[in-house]
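J.: This is the structure I want to talk about, given as structure tokens.
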Amino acid sequence: MANKKTEKCPFLSDYGGGYIRPDQWVTEKLCAIISKKENSELPDKFWNLPQWKQTFRRQVQLASALLILYDAEPISRALKDKRSYNLRSFSAFNSVGFFAKILDEYQNKYEVEKRSQLDSEELPTRSTNVIPTHKTRNNKLSRLKNIDAQTRPVQSG
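Structure below.
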């Protein structure tokens, strides 16, 4: 757990651990859900407590295996989903097809959002207060009018 944000530790811990790895961050979210179901709250640095130590370590291992296939943000969103209300372990994503479908759904949404952000960054922005000018094509009639205007003197009416 780092004091400064790095590539390895990009997420800020909700429980006083500084900046943490993605597998630890996702495991914090899962432990918070488990404690909520048990009608208790997680204290700061709960992973050092004897009742949470083994659970946290095991879930971090499962989360790191899950992060090979999925990103951290979709996993967090899948944990918040109402359909995964009885989820107690990350092993359910690998063993139960229902939870895997939920996670696949959130992963696909996340990838679409990510692509659209990259596309919007690449496109140049244009000024909206400048009215584009309409270029007239130079056809035979317009060329004749230009020649006629140049050769004839201005007539008054």
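For what it's worth, numbering that gives the first Met the number 0 labels the leading residue of the sequence shown as 0, then goes sequentially.
Note that beta-carbon positions come from the ideal geometry of N, C-alpha and C, so glycine has one too.
It should be emphasised that the depicted structure is a prediction, and the values quoted were computed from it without experimental measurement.
Jot down the residue ranges of each uninterrupted alpha helix (DSSP H) in the region 65-143, minimum 4 residues, whole runs only, in chain order.
T.: You should have 71-79, 90-94 and 96-121.
J.: Ordered along the chain, which non-local residues of its own chain (more than five positions away) have a Cβ less than 6 Å from that of D200?
T.: Here the chain comprises residues numbered 0 to 156, so residue 200 is not present and cannot be evaluated.
J.: Cβ of I19 within 9 Å of Cβ of E27?
T.: Going by C-beta atoms, I19 is nearer than 9 Å to E27.
J.: What is the rounded straight-line gap between the Cα of E121 and the Cα of K139?
T.: One C-alpha to the other measures close to 41 Å.
J.: Roughly how many whole angstroms lie between the Cα atoms of P73 and S115?
T.: For P73 and S115, the distance between alpha carbons rounds to 16 Å.
J.: Mind checking who A31 pairs with in its DSSP beta bridge?
T.: Looking at the DSSP assignment, A31 forms no beta bridge with any residue, so it has no partner.
J.: Check each candidate in F97, L102 and R56 and name the one with the smallest Cα separation from S75.
T.: Here the closest residue by C-alpha is L102.
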